[in-house]
Amino acid sequence: MLANPEAGEVSIPVNGRTFVLKLSMNAACAIEDKTGKDVGVLLAEAGRLNFRAMRYLTWVLLQKHHHKDFPTEEAVGEWIDAAGGPMVFYQLLAALGRQAIDTTAAKTNGADADAGNPPAAHAH
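Numbering of the sequence shown is given in our numbering, commencing with residue 73 and proceeding in unit increments.
Here it is, written out as structure tokens:
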């Protein structure tokens, strides 16, 4: 399965298999509802080795395409362990960061040069 970067997806290879992760609007809302924290705050906590945050975020990001493989947060914890521990989460964070930068750059570079100018008036 290939990720669609334009849809906010990233792929990460783990043990010979590629997994596609996505932080969708509904996933972000579910994260905020469950934790009472903004997604950015939770990402920062996970980056400081908050293992519960790390496992939960990874589980949510896997649900769009791999919910059958990971029905529970505990299943994701086992996957993270088998993949080499927290490093797989840091690979994911790096991939999400690269994807965000690449998407922003593509939109900026692809913008119409005249986008800031109003359209020309046409006589009727």
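Ideal placement from N, C-alpha and C gives every residue a C-beta, glycine not left out.
(request) Could you check the C-alpha separation between Glu-104 and Thr-144 for me, to the nearest Å? (result) As a first step, residue 104 must be located in the sequence shown, where it is residue number 32. As a first step, residue 144 must be located in the sequence shown, where it is residue number 72. Glu-104 and Thr-144: Cα-Cα distance of roughly 18 Å.
(request) Classify Phe-91 as helix, strand or coil using the three-state DSSP reduction. (result) As a first step, residue 91 must be located in the sequence shown, where it is residue number 19. The answer is strand: DSSP assigns Phe-91 an E or B state.
(request) With DSSP as the reference, please indicate the residues paired to Ser-83 in a beta bridge. (result) Here the question's residue 83 lines up with position 11 in the sequence shown. BP columns for Ser-83 point to Val-92.
(request) Identify whether Ala-155 lies in helix, strand or coil by the three-state DSSP scheme. (result) As a position in the sequence shown, residue 155 is number 83, starting the count at 1. DSSP places Ala-155 in coil when its eight states are reduced to three.
(message) I'd like the list of long-range same chain contacts for Thr-107, defined as Cβ closer than 7 Å, with 5 residues on each side in sequence excluded.
(response) Translated into positions along the sequence shown, residue 107 becomes position 35. Around Thr-107: Leu-114.
(request) Decide if Asp-184 is buried, meaning its Cβ has at least 16 other Cβ atoms within 10 Å, or exposed. (result) What you label residue 184 is simply residue 112 of the sequence shown in a count that begins at 1. Low local confidence applies: a pLDDT of 47 at Asp-184 is under 50, so the model's placement there is unreliable, with the coordinate-based value given in what follows. An exposed status is given to Asp-184, since fewer than 16 other beta-carbon atoms sit within 10 Å of its beta-carbon.
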